[in-house]
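Student: Protein chains in written order, with the numbering used here: chain A, 566 to 952; chain B, 86 to 270.
Glycine is no exception: its CB is placed at the ideal position from the N, C-alpha and C atoms.
Given the structure is predicted, the values throughout are model-derived calculations rather than measurements.
Got a structure for you, questions after.
Okay, here's the thing in structure tokens:
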């Protein structure tokens with residue numbers, strides 16, 4: 566394709582917390598500095614900087630990309646913010662990949678930040694204006710409604726129960742006990758999920774990830790530079806992204822076709838023919854527990870309607886055949902939206918290097934993927950990594 | 086690198102930190118006002134809602150009868166061709182029983198839950214659903230596949246808004262219980 570190989574060579578992350586003392590700028594600085602330190606670089610070595618962050622309405626800061634630039638190391642450099650809703654965090658390294666693969670940069674710092682706690686009384690309120698202002702907003706919708714509508718549709722399509730889906734929350738919150746950034750790691754049972762507050766049936770409190778503050782960063786390098794910096798580069802072998810119509814009511818909510826389109830783009834690029842066999846470990850986006858199942862199916866990691874059964878059988882556990890969200894995911898580590906997607910990319914980076922500590926999956930995985938999803942339930946972003 | 090070997094940033098604040106004045110904050114309450122133009126397609130849609138009718142727009146290329154109506158087809162990427170009235174009845178594709186308001190505040194113990202649903206309108210292409218509310222139904226009796234009909238505001242109270250339809254109610258309460266499961270697409 567005439568594009569250069571690109572590797573991830575370093576990573577940084579903050580703790581994910583409900584409300585951080587640090588500003589978004591300070592969180593970005595902490596993650597960026599750690600990422601540079603992890604591969605022995607300074608900001609002088611960085612050619613370009615990309616930053617991902619979700620709605621300005623969370624922070625109440627318009628032009629948030631510009632506001633955060635200083636903390637993200639963007640000052641006096643080619644710097645650009647990107648934003649594709651909840652899909653942002655996995656789009657971040659894709660955006661950086663363009664810079665390096667094209668030959669425009671040898672080293673690109675990729676930063677993802679979210680500070681949701683500034684919005685009161687709850688950041689959910691900021692989501693009202695993502696709905697169509699004339700045909701939907703007058704009905705006073707919340708995002709939880711539309712996820713409840715999607716979850717219900719998914720349950721009907723395959724005859725799933727709430728307990729089938731709650732197992733994802735149990736698994737991920739348990740996995741997160743071993744993640745040093747985790748906000749809501751907990752050993753819980755399916756009964757705990759079912760007994761938690763019903764928000765919008767079929768969605769209960771413990772089916773949902775929390776609102777969070779946090780930041781993450783990775784350093785991307787061209788092949789020549791990467792081999793000089795580390796003996797364990799992790800290669801970005803496939804990238805994909807796709808958006809479906811904003812007329813979300815006209816889509817079949819039981820299947821995320823936009824995720825499949827994005828995955829096919831990434832798999833084609835990575836030469837993956839049979840994703841269920843060739844991908845050893847995956848971090849699909851799990852802001853709600855059913856979304857992990859929905860996304861496994863969209864990513865073609867299992868047949869449609871089978872993800873819940875595989876989860877119940879332990880297939881997706883950290884020591885299962887296909888570990889899914891070994892980090893603990895958004896449900897366990899927390900969900901500072903853009904930073905969550907990049908946290909997932911970092912988890913695959915560490916797992917493929919054998920550096921995931923207590924979270925390390927057995928079997929020395931060599932191929933993994935991270936995926937995020939967002940906007941009005943319409944955006945899919947996918948990245949395939951190989952060691 | 087292992088995350089465990091780093092001292093991670095991100096300092097968790099507790100409620101007591103604010104109560105004891107350990108950290109200070111700056112508050113701002115924006116007061117912005119917007120007026121959204123309804124546009125060509127939705128403008129007509131709202132005019133017809135005021136008349137107590139639902140109108141769709143047809144694309145002669147993909148043959149979809151589209152709701153909400155639009156002046157261009159996003160799939161064929163060409164102008165749409167004609168207006169078409171559809172029914173004010175439909176089928177519940179999916180629904181929720183919501184105890185949460187738009188700002189994440191909870192419904193009070195005496196407030197009924199909100200019943201948002203995706204309703205596929207009769208006469209539009211299959212699968213063309215719109216977001217609206219259900220009413221005059223026990224939440225336990227709602228089923229996917231249930232036939233519903235719009236309950237309109239009185240004509241003198243209509244303003245040309247999606248809320249000119251108050252909600253959709255079951256076509257026949259008894260029949261709805263026997264409604265067959267929706268077939269898979």
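1. With distances taken from CA atoms, which of B:173, B:188, B:189 is nearest residue 217 of chain B?
2. Taking the straight line between their C-alpha atoms, what separation do you get for residue 879 of chain A and residue 151 of chain B?
3. What do you get for residue 599 of chain A, buried or exposed, if any count of 16 or more other CB atoms within 10 angstroms of its CB means buried?
4. Give the residues from the stretch 164 to 186 of chain B that approach chain A closer than 8 Å (Cβ to any Cβ), ordered along the chain.
5. Return the residues of the stretch 710 to 728 of chain A that lie within a Cβ-Cβ distance of less than 7 Å from chain B, sorted by chain order.
6. With a threshold of 16 other CB atoms inside 10 Å of the CB of residue 777 of chain A, please say whether the residue is buried or exposed.
7. So, residue 933 of chain A versus residue 845 of chain A, is the Cβ gap smaller than 8 Å?
8. Is the separation between the beta-carbon of residue 858 of chain A and that of residue 672 of chain A shorter than 8 Å?
9. Across which residues does DSSP place residue 680 of chain A in a beta bridge pair?
10. Out of A:807, A:832, A:854, which one is the CA nearest neighbour of residue 773 of chain A?
11. Select from A:651, A:841, A:926 the residue whose C-alpha is nearest the C-alpha of residue 882 of chain A.
12. Is residue 887 of chain A close to chain B, meaning its C-beta is less than 8 Å from at least one C-beta of that chain?
13. Please list, in chain order, the residues of the stretch 581 to 598 of chain A that have any C-beta partner in chain B closer than 9 Å.
14. Output, in chain order, the set of chain A residues within a Cβ distance shorter than 8 Å of residue 237 of chain B.
15. Go ahead and pull the three-state DSSP assignment for residue 235 of chain B.
16. I'd like to know if residue 746 of chain A contacts chain B, where contact means its C-beta is closer than 8 Å to some C-beta of that chain.
17. Does any residue of chain A bring its CB to less than 8 Å from the CB of residue 241 of chain B?
18. Name the one or two DSSP bridge partners that residue 254 of chain B has.
19. Pick out the complete beta strand (DSSP E) segments inside the stretch 158 to 197 of chain B, 3 residues or longer, and give them in chain order.
20. Can you list, in chain order, the residues of its chain whose CB lies under 6 Å from that of residue 208 of chain B, leaving out five sequence neighbours each side?
21. Which same chain residues, not among the five before or five after residue 939 of chain A, have their C-beta less than 7 Å away from its C-beta?
22. Contact defined as beta carbons within less than 8 Å: I believe residue 580 of chain A pairs with residue 93 of chain B. What is the distance between those atoms, to the nearest angstrom?
23. Are the beta-carbon atoms belonging to residue 657 of chain A and residue 780 of chain A less than 8 Å from one another?
24. Three-state secondary structure (DSSP) at residue 806 of chain A?
25. Flag residue 86 of chain B as yes if its beta-carbon sits less than 8 Å from any beta-carbon of chain A, otherwise no.
26. When the cut-off is 8 Å and only beta carbons count, does residue 578 of chain A lie next to chain B?
27. Using a beta-carbon distance cut-off of less than 7 Å, what residues from the stretch 687 to 704 of chain A approach chain B?
28. Flag this pair as touching only if the stretch 178 to 197 of chain B and the stretch 731 to 739 of chain A have three or more C-beta atom pairs under 8 Å; answer yes or no.
29. How far does the alpha helix (DSSP H) with residue 87 of chain B in it reach, from first residue to last?
30. Identify which residue in A:949, A:744, A:866, A:808 has its Cα closest to the Cα of residue 582 of chain A.
31. Using the beta-carbon of each residue, which ones in chain D are nearer than 9 Å to residue 920 of chain A?
32. Hey, residue 783 of chain A and residue 914 of chain A are a contact pair by Cβ (cut 8 Å); roughly how many whole angstroms apart?
33. Determine whether the Cβ of residue 905 of chain A lies closer than 8 Å to any Cβ atom of chain B.
34. So for residue 655 of chain A, helix, strand or coil by DSSP?
35. Can we say the stretch 181 to 195 of chain B touches the stretch 230 to 249 of chain B, given the rule of at least three CB pairs closer than 8 Å?
36. DSSP three-state call for residue 581 of chain A: helix, strand or coil?
Tutor: Based on what the coordinates show:
1. Taking the second chain and counting its residues from 1, the one referred to as residue 217 of chain B is at position 132. Nearest of B:173, B:188, B:189 to residue 217 of chain B, Cα basis: B:173.
2. Here the question's residue 879 of chain A lines up with position 314 in the first chain. Here the question's residue 151 of chain B lines up with position 66 in the second chain. Their Cα atoms are separated by approximately 43 Å.
3. Here the question's residue 599 of chain A lines up with position 34 in the first chain. With 16 or more other Cβ atoms within 10 Å, it is buried.
4. 178, 179, 180, 181, 182, 183, 184, 185, 186
5. 710, 713, 714, 717, 718, 721, 722
6. Locating residue 777 of chain A in the first chain gives position 212, where the first residue counts as 1. Answer is buried; the Cβ neighbour count reaches 16.
7. The residue labelled residue 933 of chain A in the question sits at position 368 within the first chain. The residue labelled residue 845 of chain A in the question sits at position 280 within the first chain. Yes, these two residues count as a Cβ contact at 8 Å.
8. Locating residue 858 of chain A in the first chain gives position 293, counting from the first residue. Locating residue 672 of chain A in the first chain gives position 107, counting from the first residue. For residue 858 of chain A and residue 672 of chain A, no; Cβs fall outside 8 Å.
9. Indexing the first chain from 1 puts residue 680 of chain A at position 115. Per DSSP, A:778.
10. As a first step, residue 773 of chain A must be located in the first chain, where it is residue number 208. If we check each option's Cα against that of residue 773 of chain A, A:854 comes out closest.
11. Position 317 of the first chain holds residue 882 of chain A. It is A:926 whose Cα lies nearest to the Cα of residue 882 of chain A.
12. Walking along the first chain from the start, residue 887 of chain A turns up at place 322. No, because no Cβ of chain B sits closer than 8 Å to the Cβ of residue 887 of chain A.
13. 581, 582, 583, 584, 585, 586, 587, 591, 592, 594, 595, 596, 598
14. Locating residue 237 of chain B in the second chain gives position 152, where the first residue counts as 1. Neighbours of residue 237 of chain B on chain A: none; closest Cβ ~15 Å, over 8 Å.
15. Translated into positions along the second chain, residue 235 of chain B becomes position 150. DSSP places residue 235 of chain B in strand when its eight states are reduced to three.
16. Sequence index remark: in the first chain, residue 746 of chain A carries index 181 (1-based). Chain B, which has a Cβ nearer than 8 Å to the Cβ of residue 746 of chain A, makes this yes.
17. Here residue 241 of chain B refers to the residue found at position 156 when the second chain is read from its first residue. Judged by the 8 Å Cβ criterion, residue 241 of chain B is not in contact with chain A.
18. Here residue 254 of chain B refers to the residue found at position 169 when the second chain is read from its first residue. Answer is B:234.
19. 167 to 171, 174 to 180
20. Position 123 of the second chain, counted from the first residue, corresponds to residue 208 of chain B. Contacts found: 171, 172.
21. Here the question's residue 939 of chain A lines up with position 374 in the first chain. Cβ neighbours of residue 939 of chain A beyond the five flanking positions: 649, 650, 651, 652, 653.
22. Here the question's residue 580 of chain A lines up with position 15 in the first chain. Here the question's residue 93 of chain B lines up with position 8 in the second chain. 5 Å between Cβ atoms; contact.
23. Mapped onto the first chain, residue 657 of chain A falls at position 92. Mapped onto the first chain, residue 780 of chain A falls at position 215. For residue 657 of chain A and residue 780 of chain A, no; Cβs fall outside 8 Å.
24. For the purposes of this step, residue 806 of chain A is taken as residue 241 along the first chain, with counting starting at 1. In the structure shown, residue 806 of chain A sits in a strand (DSSP, three-state: E or B).
25. Within the second chain, the letter at position 1 stands for residue 86 of chain B. It does: the Cβ of residue 86 of chain B has a partner Cβ on chain A nearer than 8 Å.
26. By one-based count along the first chain, residue 578 of chain A stands at place 13. So yes, residue 578 of chain A belongs to the interface.
27. 687, 689, 690, 693, 698, 699, 700, 701, 703, 704
28. no
29. One-based indexing of the second chain puts residue 87 of chain B at position 2. Per DSSP, residue 87 of chain B belongs to no alpha helix (DSSP H) and is neither H nor E.
30. One-based indexing of the first chain puts residue 582 of chain A at position 17. Of A:949, A:744, A:866, A:808, the residue nearest in Cα terms is A:744.
31. Absent from the structure: chain D. Protein chains present are A and B.
32. Position 218 of the first chain, counted from the start, is the residue given in the question as residue 783 of chain A. Position 349 of the first chain, counted from the start, is the residue given in the question as residue 914 of chain A. Correct: roughly 7 Å between the Cβ atoms.
33. Within the first chain, residue 905 of chain A is the residue found at index 340, counting from 1. Not closer than 8 Å to any Cβ of chain B, the Cβ of residue 905 of chain A fails to qualify, so no.
34. Position 90 of the first chain, counted from the first residue, corresponds to residue 655 of chain A. Looking at residue 655 of chain A - three-state DSSP - the assignment turns out to be helix.
35. no
36. Taking the first chain and counting its residues from 1, the one referred to as residue 581 of chain A is at position 16. Three-state result, residue 581 of chain A: coil.
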